Structures are given as structure tokens and as C-alpha cells.
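Report on the following structure.
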Amino acid sequence: MLFRDASNSAEIEAAISVPRSGSVSGKSSSFSWRRLRPKNSAAGLNNSFNAKGAAVPESGKESPSLETLPMTDHPTSRPSKRDPSNAQFTGPNAHYMGSLARLFDAAQTIDQIARQVEDPGLRHADKTQVGLELCTRHAAEFFGFFICRFVLSDLSALLDKFIKRGTHIDHGKSTLSDRLLEITGTISASDSNKQILDKLDVERERGITVKAQTCTMIYCYKGEDYLLHLVDTPGHVDFRAEVTRSYASCGGALLLVDASQGIQAQTVSNFHLAFAQDLALIPVVNKIDMPSADVPRVLEQMQTSFELVPSSAVLVSAKTGKNVANILPAVVEQVPHPVGKISEPLRILLVDSWYDNFRGVILLVRVFDGQVKAGDNLISFATGHKYTVGEVGIQYPNAVPQSVLRAGQVGYIYFNPGMKRIQDAKLGDTFTTVGSEDIVKPYPGFEEPKPMVFVAAFPTDQSDYTRLADSISQLVLNDRSVTLQKDYSEALGAGWRLGFLGSLHCSVFQDRLKQEHGASIIITDPTVPTKVEWADGSETIYQNPAEFPSQDEHRMRGATVFEPFVTTTMTLPEEYLGRVMELCESVRGEQKSFEFFHATQVILKYDIPAAQLVDDLFGKLKGATKGYATLDYEDSGWRASQLTKLQLLVNKQPVDAICRVIHISQAERLGRQWVTKFKEHVDRQMFEIVIQAVAGKRIVARETIKPFRKDVLAKLHAADITRRKKLLEKQKAGRKRLRAVGNVVIDQSAFQSFLAR
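If you count by full-length UniProt numbering, then the sequence shown holds residues 1 to 757, one letter each, in order.
See the structure below:
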């Protein structure tokens, strides 16, 4: 356990005496908790030892160090360890050294216990790079630090620093993150420790970061120890809400650029976001060991585009580890520490939350002022509810309990008893101690993310509705950018309407439901919201296309229909400029700007309908540029448009699960696709089935499924023409009556197959 008070020695000594179950005789751990403190940091501690103390044995050295502390005589198969109760220290750092000795022994015991538990979630899974995965690997990613500096002679005096790093996917963020964890001794340098902060299965399979993760590291610089909080956040535009929340924890940024690819679309976007937050920027150029690396060109781009001094850039290779150690000194020297006082009343900000089956809702918080420990009574500014803290701790990289979290630290807390409702954990909420709510100013909070893509979700088996509802609620707790409301379909039953920030966000959410909760669901095609401005000036926003009014309705007279647009930023080689401009024009795009930021690189900005972005614009862009283009986008507001509702009818009855609001130019193409595809999944009946795609009042496509036919002429003589016609007319009339009263039975598997993408 890190940074326990020396006064709490009885608790630590109890932890030390835990038996080492499962130990193998003659084998010791290859991981040493002494790596938490680099060897060169012992010089600052030597004067704290009492060389003449009876409890400290003679070591033959003039100045004792951590290695000369007395060892325990407890029987063990592993190398014997020190007994902190037998060590005596004097001098100004005696209080600190007693705590430090207990720290290493308790940590070693915890490490040995943890080795007996296998965590399959930390295994490195092979990446799958097909379809959308190939595209998403070219989106930007972020990860950040925030550093708590403490002085050896006074652990309670914490000086904090915070830093964030902006980068583009495939520019080496995950590899560099692993190298930094290895340099600080947080993880061991082994092949199994890859993507250590990508804890979700979907992250390891897709090779992207989906969820922001926090990890604490210890770094020694010029004889002083620093507590670093590494925040690994996603950079794909669909997960920008995770990045935005991390700004509350950062005071600086490392701007990471690939030496072979140079500046990309997300690099520009993330630079402006970081610059707007007044973060200190440190340029870093990665992959300098690649044959195609062009470091002078990248430095010139960074100076031209961002006005960053080339001499201040750190040139590294995260793969080989070259110069990576030079990053942390630059962080310590150039990033200012945030302001926070332990003596002030407690003020903590809720940054993230997740659900634990045993402890309930766990909160990730940043402590701005004061300190919090187990047993404190807190109150929420958002809900007014009061809670008792059950435990506080840090991520190292897994949860490590602490005696206290002080101003400047980021860690987790959970309440005992826990939160009764998941909805009570509101991101951006401020907590303080009960009685201080009148004198503490709450944090402004976070801007609510605006969903751009909506889908309907239904369980494949309605009996699983309750269980699936709990699973979705737990995922929404961990991903607050998802909006949730109940929905119902005549074809698919009870379900939910979910709002996401993009198509990839929706796909990842569906994968997490399957992998983490074993859920089987039916997801409809993603759609974007539409707005109708009525003749009287009032407005209505429709998220469910089935609720969108038809053009022939009386209230639509004088009404104006709007659709959302986005401003896209694309970077691409000059040779593909013509193809990309043709693609943008074909999806009703409007050019805003066009500029060269290098001799062979172009930045294009287009205003494009959000519906086209959902319709695989990313994949089309990659195909037009052979994978060299990158795309970033942001909301651009509403624009008037000619939209219509496209519906699927089966025997003139609408199927509410298959409905979209589209531009009139797409009606025939999409309608033909629908009827052709749906026909493949509907079984033949005893009567004729007519499948139609209708846009407004106009039928744009039709398919017919012929009925089963009984041979009523089998027993007739060939010459009996009158009888032959009579039986055929009777059969035809019977089919007509059956079609009028018969219901088309469509199995749910047909909808599932039709909606599968």
C-alpha cells in the first residue's frame, strides 16, 4: 500500500504477517517492489538512518541504505524480508523512513498474494484489423499525466502537476504508455505486458482505446519522488467525451506525432482543444527508428502549424525505448503544478464511475482541496444525498487501497453502504464533507455530450428483458455519453432507444454487451435526429424515425424540416484530392476551405450531412485514398433539407422496426435494397405476400413472394376446360380472402438477419 501514515503501523504489520499461500519452495518473484524507488534515490535517504542503533546490524558500509535494514526471522520459502518493528530511525526523516520500510514489506506481501490470482482480463488478445477496425486505427488518441510531487521530509506537503498527451492512432500511444510504466517500475518489462491500460476485451480486439483508464506511477527526479497519474484516454472522435472530461485533470500536453506520417486530422483537432484549455504543450516525435521517418519534415510541420519550437521536441522510439526516459524530466520541468490546499474544506470532482458486483458503484475522483479517508461523511451537490466513505485508493494499475487521498491526487472511492441508484453517480458532480456545503464552491461540471446517432435495441428473447435492462444500465454508468430511454415495437416487442456519439461508439457498445454481459440483442440501423419547425414557430426534434410525420399530414403544411450537419476535416495526400472532392460532392457536401500544410499533404474542410457520415463515409474515404486519409468532425448545427420518411410495408401494414428519415434523392436506391434484402428472410405462406418500400405516398420499390400452390387440376380430364377454369377461379378467390384476413408471421430471426450489418 502506498503512502500510509506511520501512525497506522499496527494495520500495516497485520498485512505483513499474511501467510504466503501457494508459494513454491526455492522460487522467488522476479518482480521487486524496490523498483518503486530507483537506486539513485537512496542518496537522499542515507542521512535518515541511525548507524549506531542497536536494531540496525553492521553492514560494512559507511552509509546504510534500504538494503541494510534488518530482515525478519519468519520462516518462509522466499528470501527473508525486513521486520519494520525492529528498525529504529532518527533524524528529520525518521517518521518518513519508518513508513517507507513498512511500505516495501507490505507491498511485497500484496504482490505475492496477487500472483496467486489469474486475471484473464489482462491477457493480450490478438488484434483484428478488418472492416471498420482498419479505419478506426487512423483516429487520434490521447493520454495524460497528472503528477503529485511530495517532499521526503514531509509527506503531507503535496505539490501537484498534470499533463495530457495528444496523438493519432498508430502513432505509438499504447507502446509509449507501456514504456513509461516500465521506466517507473509500475509494470515489469515482459512480452505479456502490452496494452496494459486497455483492459476491455473490445479494446484489445480492435486495437483502439475505448475507455479512459487511470494508473499511478512513482518517478524519481533529481533526488525527489513524484507521484504520476497516467490517464489513458481514447482519441477517436466518437469517444471525444472521454477526452473532454480528462481536461479537468490536466495542466499540460505531450503532442505526439509519427515521424513517418506527420501531422494528421486528429492532431490538428486535439491541438486546438488542448490550446483552448491553456495546457502547456511539449512536442514529441515518435517512431524515429523507422526507415521512412522524416524528422525534419515533421518538426517543420509542427512549427508551421502549431508555432512550436523544434528544439523543444523530444525525439523518441517507443518500440525500442530510445530517448523515452527524456519525456518525464520534460514533464516535471515544464508543466506547472495545480493549486490545491490540504487545509481547505474538501472539494472533489467525480470524473468517472463503474459498477462492481460486490461493492456497487465505484467513483473515480480528483481531489481539488482537502483530503478524504474511509469513514468520512460526504454530500453530493447534484443530488443532496449523503454517503459514508467505505474505502479510498489509487489505480496501480489495479486498485490499491490507501489511508487517505489528498489535494491533487486522483483515485477511487466507494461508499458503505453504496449508492442505491446508478443514476446518482452524475459525472461532473462535486462532493464535500457534510457541513461544508455552504462554504465550498462546486465545480462547474461537464458539458453534456450531444448524441448524433440513435438506434433501437431489443432482446432476441423477451424473457431476457429484465436482465438485459440491468446490463445496459451498468454499461451506461461506465459510459455516460450514451443516452437511454424505453421504446416499444409491434414487431420486436419492448426495448430501448439508445443515443451514441457515432457509429463506432454504437458498435463498441454492442460488443461490450455481448462480451461483458453475454447479452443477445437486435440493433436497428443507426439514424440521426431530425427537426421540424412548425408554422406557428414551435419546434419538435424526432429521434425515432417511426414518429416522424408524413408529408401528407395537415400539420406539415407550412412546416420546415431540418437535418444535422457536421464540419469534417480531412487530411490526405495531394494525389487523391480529386477523388475525395468527388466523394464529398456525391454526399451533398459543401466545401469550406482547402489548404496545403506541406508540399504533398492537403487539409480539406467540408460541411456534410450527419446522415451521410453514419452511412459509412469513413470507409468510402479510406477506399478513395487507399487508406491514407484521416477524418475528424464536429457538430455544425441544423440546415433545412428535403427529407422524407421511408417505410417498409408487408401486405400494406407498416413494419415499425424498419423505418428511416432520408433525403428524397436516396429513396429509390435504399427502397430497392430494403425490399430485395427483406424478401430473402421471409418464409412463403399460403397466400401472396407483397413487400413495398414507401416514401411519403409514393411506392418506390416492390417485391412479391408467391404463395404455396395446391394442384387442384390433378384429377381433371384434359378436355374439361369449363371445370378447369372454375376450379382455378375458386382457388384464386380463396387466396384473395386468405390474404385479406391472414396475418404474415415473420420470425424474429428474419429481422435479426435483415438488420445485421
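Backbone N, C-alpha and C define an ideal beta-carbon position, used for all residues, glycine too. Just so you know, these numbers come straight off a predicted model, no measurement behind them.
Report the partner residues of residue i according to the DSSP bridge assignment.
i: Arg347; result: Asp369
i: Phe596; result: Val602
i: Asp356; result: Gly360
i: Tyr221; result: Glu224
i: Ala640; result: Phe562
i: Asn398; result: Asn398 pairs with nothing; no bridge assigned.
i: Trp496; result: Ala457, Lys486
i: Arg702; result: Gln692
i: Phe708; result: Answer is none; Phe708 lacks a bridge partner.
i: Gln244; result: Note that residue 244 is Thr in the sequence shown here, rather than Gln. Per DSSP, none; premise fails for Thr244.
Which residues in the same chain as residue i place their Cβ atom closer than 7 Å to its Cβ, once the five residues preceding and following it in sequence are excluded?
i: His681; result: Ala750, Ser753, Phe754
i: Ser292; result: Ser260
i: Leu279; result: Lys164, Cys250, Gly251, Gly252, Ala253
i: Val298; result: Val257, Ala259, Gly262, Val285
To which residues of the same chain is residue i closer than 8 Å at the C-beta, ignoring the five residues directly before and after it?
i: Leu308; result: Leu255, Leu281, Pro283, Met302
i: Tyr221; result: Leu328, Pro329, Val332
i: Asp552; result: Gly696, Lys697
i: Val580; result: Met570, Leu572, Leu604, Leu621, Ala624, Thr625, Ala629
Tell me the rounded alpha-carbon separation between residue i and residue j.
i: Met217; j: Leu572; result: 38 Å
i: Leu152; j: Leu228; result: Note that Leu152 scores 26 on pLDDT, short of 50, meaning its location in the model is unreliable; the coordinates nonetheless yield the value given after this. So the two alpha carbons sit approximately 16 Å from each other.
i: Thr304; j: Gln647; result: 51 Å
i: Lys322; j: Ser174; result: 16 Å
i: Ala241; j: Lys426; result: 14 Å
i: Arg724; j: Pro459; result: 50 Å
i: Leu475; j: Trp354; result: 8 Å
i: Ile705; j: Asp615; result: 29 Å
i: Arg480; j: Val237; result: 15 Å
i: Ile721; j: Gly495; result: 56 Å
i: Thr233; j: Cys215; result: 11 Å
i: Ile746; j: Asp683; result: 8 Å
i: Phe678; j: Leu577; result: 38 Å
i: Val295; j: Thr600; result: 16 Å
i: Asp258; j: Gln277; result: 24 Å
i: Val434; j: Lys441; result: 14 Å
i: Ala611; j: Ala733; result: 45 Å
i: Glu563; j: Pro609; result: 7 Å
i: Ala399; j: Leu364; result: 11 Å
i: Leu273; j: Ile187; result: 31 Å
i: Lys514; j: Ser471; result: 10 Å
i: Asp464; j: His517; result: 12 Å
i: Cys659; j: Ala693; result: 10 Å
i: Thr527; j: Pro444; result: 32 Å
DSSP on residue i, reduced to helix/strand/coil?
i: Gly185; result: coil
i: Met452; result: coil
i: Asn286; result: strand
i: Pro635; result: Inspection of the sequence shows that residue 635 is occupied by Asp rather than by Pro. In the structure shown, Asp635 sits in a strand (DSSP, three-state: E or B).
i: Tyr576; result: helix
i: Arg406; result: strand
i: Ile472; result: helix
i: Leu180; result: helix
i: Gly589; result: coil
i: Ile664; result: helix
i: Ile379; result: strand
i: Asp607; result: strand
i: Phe751; result: helix
i: Gln515; result: helix
Once you ignore the five residues that flank residue i on each side, which residues in its own chain have a CB closer than 6 Å to its CB?
i: Thr630; result: His138, Gln264, Ala265, Thr571
i: Val367; result: Ile348, Leu405, Ala407, Gln409
i: Ile603; result: Thr571, Glu595, Phe597
i: Ile541; result: Pro529, Lys531
i: Glu668; result: Val700
i: His74; result: The predicted position of His74 is uncertain, since its pLDDT is 40 and thus under 50; no value can be drawn from it.
i: Ile183; result: Ala325
i: Gln485; result: Arg497
Could you check whether the Cβ of residue i sits closer than 9 Å to any Cβ belonging to chain C?
i: Pro529; result: No chain C appears in the structure shown, which is made up of a single protein chain.
*Would you check if the region 377-391 and the region 204-224 touch, i.e. whether three or more CB-CB distances between them fall below 8 Å?*
no
*Flag this pair as touching only if the region 554-573 and the region 526-544 have three or more C-beta atom pairs under 8 Å; answer yes or no.*
Touching, yes, given that three or more Cβ pairs across the two stretches are closer than 8 Å.
*Taking 8 Å as the threshold, find out whether the region 513-521 comes into contact with the region 438-448 through three or more Cβ pairs.*
no
*asked:* With three or more C-beta pairs closer than 8 Å as the rule, is the region 413-425 touching the region 340-347?
replied: Because the criterion of three Cβ pairs below 8 Å is not met, the region 340-347 and the region 413-425 do not touch.
*Kindly confirm or deny that the region 410-417 and the region 360-378 touch, where touching means at least three C-beta pairs closer than 8 Å.*
yes
*On the three-pair Cβ rule with 8 Å, is the region 581-591 touching the region 544-551?*
Because the criterion of three Cβ pairs below 8 Å is not met, the region 581-591 and the region 544-551 do not touch.
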